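Structure, as C-alpha cells:
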Amino acid sequence: MKKIKVGVIGVGYLGNFHAQKYAAMKNVDLVGVFDRSIDRAQEIAEICQTKAFADYHELISLVDAVSIVTPTTFHHAVGMDCLAAGLDVMMEKPITVTLAEADELIGLAASKGCILQVGHLERFNPGIMALKHYLDNPIYIESQRVHQFNPRGNDVDVVLDLMIHDIDIILSIVTSPLKTIRTLGASVVTTSTDVATVQLIFENGCAATVTASRIAQTNVRQLVIHQKKSSLIVDYGKKDITVIERSGATTGDGYPVEEATHLPFPDQGDALKAELTHFIDSVQTRKQPEVSGVEGRQALAIALQIIAEMKKHQTAHSL
Ligand code: NAD
Numbered sequence: 001m002k003k004i005k006v007g008v009i010g011v012g013y014l015g016n017f018h019a020q021k022y023a024a025m026k027n028v029d030l031v032g033v034f035d036r037s038i039d040r041a042q043e044i045a046e047i048c049q050t051k052a053f054a055d056y057h058e059l060i061s062l063v064d065a066v067s068i069v070t071p072t073t074f075h076h077a078v079g080m081d082c083l084a085a086g087l088d089v090m091m092e093k094p095i096t097v098t099l100a101e102a103d104e105l106i107g108l109a110a111s112k113g114c115i116l117q118v119g120h121l122e123r124f125n126p127g128i129m130a131l132k133h134y135l136d137n138p139i140y141i142e143s144q145r146v147h148q149f150n151p152r153g154n155d156v157d158v159v160l161d162l163m164i165h166d167i168d169i170i171l172s173i174v175t176s177p178l179k180t181i182r183t184l185g186a187s188v189v190t191t192s193t194d195v196a197t198v199q200l201i202f203e204n205g206c207a208a209t210v211t212a213s214r215i216a217q218t219n220v221r222q223l224v225i226h227q228k229k230s231s232l233i234v235d236y237g238k239k240d241i242t243v244i245e246r247s248g249a250t251t252g253d254g255y256p257v258e259e260a261t262h263l264p265f266p267d268q269g270d271a272l273k274a275e276l277t278h279f280i281d282s283v284q285t286r287k288q289p290e291v292s293g294v295e296g297r298q299a300l301a302i303a304l305q306i307i308a309e310m311k312k313h314q315t316a317h318s319l
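Counting in this note's numbering, the sequence shown runs from 1 upward without gaps.
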C-alpha cells in the first residue's frame, strides 16, 4: 500500500507528539511541519528528521492528510483551508470554538469526501478500551478529572479544555438522548470557568456527574460506571481497573454478594499512537473514523450548553 503523505500544523506541546508518532509509522511519509513560530517548527523538524515549512499553503499542497494541532481558536480557519484543498484532517479537540464553525467543517469534509477525525484521545485510552467488554446498560456514572494548574489550554474554559473528554466518553457509553443538564462552576484564577461539576440525565434514566478542575493541588482521573449487575472503576492515576460483579444474591446480613476483579492496566498502550494509527487507517480504507466530526460536534454542543447554563448561575451569583 502506498505511503500516506502527512503534515502537522501547530507543533507546540501536543503537535510535537503527533509529528513524532507519524515519523515512526512505516506507512506514513511525514512530509513536514508548520508552526507560527518557525524556530519551533525547525526544532521539531530536526527531532523528526523532516522539513520545517515557513508557509503552510506550501505544506498543504504536498500532502494527503494533516494533523491540526494549533490552539482551538485557529481550528476552523486552518481546517477550512485544508479541507478546501481536499486533505483528510485529524483535528485536535475541541473540534472548534462554535457550532457554526463545526458545521462548516463537517459540511466541507462531506462535500469533498474527506475524512474528518476529532482528537478525543480518551476514546483510545487503553483503560477505557479495556472496559468496553463489561459495558451493560450503565445507570449511574461518576467522572472526575482534576488537574494542577497549567498555563497551556487556558484560551478556552475548563469545560472545553478538560471536561469535553469525559462528555465524549459518556456519550459513547450511554445509548440514549440527553434530557437534562445541571451545572455548577466558578472562575477562580483565570477569566473563564476553572472548576465545574455537571449532572447529565439521559432519557433512559441514566445519570452522570462529571467534575473537572484545572486548579487542583493533585491530579485525579477516575471513571466509575454503575450497572445493575456490575460496577466498573478506572483509576488512571493508580493505573487500576476494578470490575465488581454482583450475582443478585445477598448475604445472610443483607449485603449484596459482590466479587471484585482487578484487571491489569494495559500499560504498554499508547493512546495517541492508537488514535493516529486509526486516522491513517481511515485515510487508507476511506471508512468513517471512530470519532468523526459529527461526534466531535455532539461533544462540543453539550459542552457549550453547559457553559451557557453555568453563565446564568455565575451572573446570578454576581447580582
Ligand atoms: P500549544 O500552545 O503548546 O501549541 C500550539 C502551537 O500552535 C504553538 O507552537 C503555536 O506557535 C502554534 N500556532 C498558533 N497559531 C498557529 C497557526 N495559526 N498556525 C500554525 N501554528 C500555530 O498548545 P497544545 O497544548 O499543543 O494544544 C494544541 C491543541 O491541542 C488545542 O486545540 C488543544 O485543545 C489540543 N489538545 C488536546 C489534548 C488531548 O488530550 N487531545 C491535549 C492537549 C491539547
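Just so you know, even glycine gets a beta-carbon here, dropped at the ideal spot from N, CA and C. From a predicted model like this one, the values you see are computed outputs, not experimental measurements.
Per DSSP, P126 is not a residue of any beta strand (DSSP E); the alpha helix (DSSP H) it occupies stretches across P126 to L131.
In the displayed model, V159 falls within a helix according to three-state DSSP.
Within its own chain, the residues whose Cβ lies closer than 8 Å to the Cβ of C114, once the five positions on either side in sequence are excluded, are L83, G86, L87, D88, V89 and L108, listed in chain order. Counting along the chain, L272 sits inside the alpha helix (DSSP H) bounded by residues A271 to T285. 7 Å or more divides the Cβ of G10 from the Cβ of V63. In this structure, the ligand NAD has a non-hydrogen atom nearer than 6 Å to the beta-carbon of G119. Proximity to R286 across A19, K311 and Q117 peaks at Q117, based on C-alpha coordinates.
A contact is defined here as three or more CB-CB pairs under 8 Å, and the stretch 245-253 fails this definition with respect to the stretch 181-190.
Setting aside the 5 residues that flank it on each side, E245 is surrounded in the same chain by S230 and E259, each with a C-beta closer than 6 Å to its C-beta; the list follows chain order. Set against 6 Å, the gap from the CB of L14 to the closest heavy atom of the ligand NAD is smaller.
Comparing C-alpha distances from T98 to each of Q148, K273, R297 and H147 shows the shortest one belongs to R297. In the structure shown, V78 falls within a helical segment according to DSSP collapsed to helix, strand and coil.
For G293, same chain residues with a beta-carbon under 8 Å away, outside a window of 5 residues either side, are M91, I95, A102, L105, I106, A109, L116, Q117 and V118 in chain order. For I95, there is no enclosing alpha helix (DSSP H), since its DSSP letter is neither H nor E. Ranked by Cα distance from V159, the options T73, Q227, I4 and I306 are led by I306. Following the DSSP letters along the chain, one finds D240 inside the beta strand (DSSP E) bounded by residues D240 to T250.
The beta carbons of M310 and T175 sit no closer together than 7 Å. When Cβ pairs closer than 8 Å are counted between the two stretches, the stretch 273-281 is seen not to touch the stretch 140-152, the count staying below three.
Distance from the Cα of E203 is smallest, within the candidate group P177, Q217 and V188, for P177.
The shortest CA-to-CA distance from P138 to any of Q227, Q199 and I201 is the one to Q227.
In the DSSP assignment, T183 forms a beta bridge with V198. Considering only A216, Y140 and N27, the residue with the shortest C-alpha distance to I233 is Y140. For P289, no pairing in a beta bridge is given by DSSP. For the 7 Å CB-CB criterion, R123 and V291 form a contact. Scanning the stretch 10-44 from its first residue to its last, the whole alpha helix (DSSP H) runs of 4-plus residues come out as 13-23. Distances taken from the Cβ of K93 to the heavy atoms of the ligand NAD include one shorter than 6 Å.
If you draw a 10 Å sphere on the C-beta of K312, you find fewer than 16 other C-beta atoms in it, and that means exposed. Exposure of S111 is indicated by the presence of fewer than 16 other C-beta atoms within 10 angstroms of its C-beta. Proximity of the beta carbon of V159 to the ligand NAD is not indicated: no heavy atom of the ligand is located closer than 6 Å. In this structure, V189 places its C-beta atom within 7 Å of the C-beta atom of I215. A direct Cα-Cα distance of roughly 18 Å separates E275 from L162.
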